[in-house]
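Trainee:
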Amino acid sequence: MRIAVFGANGPTGRRLTDQALAAGHEVVAVTRRAGSLAARPGLTVAVADATDPVAVSAALDGTDAVLSALGARFSKDTITTYSASATAITGAMAHHGIERLLAVSSSIADPHWRPTGAHFFNHVLDPLVNRRLGRTLHEDMRRMESLIRATDLEWTLVRPSGLFDHPAVTAYRTAETSADGVFTARADLAASMLRELAERRYVRTAMGVITTAVKPNIAKLIWNEGMKKK
Ligand SMILES: NC(=O)c1ccc[n+]([C@@H]2O[C@H](COP(=O)([O-])OP(=O)(O)OC[C@H]3O[C@@H](n4cnc5c(N)ncnc54)[C@H](OP(=O)(O)O)[C@@H]3O)[C@@H](O)[C@H]2O)c1
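Residue 230 is where the sequence shown ends in UniProt numbering, and the numbering goes up by one at each step.
Listed below in structure tokens is the structure:
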């Protein structure tokens, strides 16, 4: 399959690209930063801003499916990266007759998501970090979800919990709507998307994905993600 990966130079997008190539797919890695990705066998780099309909349409020409790991940084201001890219991508997919879309969202997009036993997370971290500092980001993520749901495409909204880096794919879990856990390794998120592309268990619904076999170092996680979101 020839797969377009958006956010391909980001931490999840790089894993998606590596895993897709290892699985024998061809990948069109879409990035707005020329030179951030080197071409290699099976990989074509397309330079496009994901919110630019013309550039996105050109990047998607000849692809069979679209996987998006696009993201934005927390901001006090209105964020439009998710909704504007969803508009450009779904429009281009309709134009080219590409049907399958998997787009990374978040467990936060499920208003009922409260992981079991995670008292400190549910009562302190989640209200402060996700719902206050990340308010405008998650508002736009919900706009993206609504835009995608309204299309005739074969979409899956992929909802990880708190992302962390782990070198190997683990025995991750998936569930419809959202999954009951606080963390998701990016390697597992990527693997779950490629498996869903093949198995089609969550077409036109949301797929939660969590990692339980390994846990992140919390101090390191807060430091890394906090530094990145500045
Ligand atoms: N961090 C968490 O705990 C957590 C939890 C749940 C869900 N998520 C979501 O999971 C997703 C992946 O997160 P991540 O931390 O792996 O990646 P990330 O650091 O958010 O990377 C985002 C990627 O999107 C690209 N991008 C942003 N705007 C673009 C544009 N207009 N055109 C082209 N590319 C653009 C960035 O490229 P540039 O280098 O050009 O900026 C980057 O490659 C994000 O949507 C995030 O919100 C995160």
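Here a beta-carbon is modelled for each residue, glycine too, at the ideal position from N, C-alpha and C.
Opposite Arg100 in the DSSP bridges: which residues?
Mentor: Counting from 1 along the sequence shown, the entry for residue 100 is found at position 100. For Arg100, which the question treats as bridged, DSSP gives the partners Ala65 and Glu154.
Trainee: Return the residue from the list Tyr202, Leu157, Arg204 and Leu221 that minimises the CA-CA distance to Ala185.
Mentor: For the purposes of this step, residue 185 is taken as residue 185 along the sequence shown, with counting starting at 1. Minimum Cα-Cα distance from Ala185 among the listed residues Tyr202, Leu157, Arg204 and Leu221 corresponds to Leu221.
Trainee: Is it a yes or a no for the region 112-131 touching the region 173-183, going by three-plus beta-carbon pairs under 8 Å?
Mentor: yes
Trainee: Near Ala88, what residues of its chain come up, given a Cβ to Cβ distance below 7 Å and the 5 sequence neighbours on each side ignored?
Mentor: Locating residue 88 in the sequence shown gives position 88, counting from the first residue. Answer for Ala88: Ala50, Thr51, Asp52, Pro53 and Val56, listed in chain order.
Trainee: Below 7 Å CB to CB, which residues in the same chain sit around His95 once its five sequence neighbours on both sides are set aside?
Mentor: Taking the sequence shown and counting its residues from 1, one reaches residue 95 at position 95. Closer than 7 Å at the Cβ level, and outside the excluded window around His95, lie Ser57.
Trainee: Skipping 5 residues on each side, what residues in its chain have a beta carbon closer than 7 Å to that of Glu139?
Mentor: What you label residue 139 is simply residue 139 of the sequence shown in a count that begins at 1. If you ignore the 5 residues before and after Glu139, its C-beta comes within less than 7 Å of no other C-beta in its own chain.
Trainee: Spatial neighbours of Met144 within its chain, please: CB distance less than 6 Å, with the 5 preceding and 5 following residues excluded, ordered by chain position.
Mentor: Start at 1 with the first residue of the sequence shown, and residue 144 comes out as number 144. Closer than 6 Å at the Cβ level, and outside the excluded window around Met144, lie Tyr82, Ser83 and Ala86.
Trainee: Grouping DSSP H, G and I as helix and E and B as strand, with all else coil, what is Ala213?
Mentor: Counting from one through the sequence shown, the residue named residue 213 turns up at place 213. Ala213 falls in the coil class under three-state DSSP.
Trainee: Does the region 94-111 come into contact with the region 144-161, if we say contact requires no fewer than three beta-carbon pairs (one atom in each stretch) closer than 8 Å?
Mentor: Segments in contact, yes.
Trainee: For Ser68, count neighbouring Cβ atoms within 10 angstroms of its own Cβ and tell me buried if that reaches 16, exposed if not.
Mentor: What you label residue 68 is simply residue 68 of the sequence shown in a count that begins at 1. By the Cβ-count criterion, Ser68 is buried, with 16 or more other Cβ atoms from all chains shown falling within 10 Å of its own Cβ.
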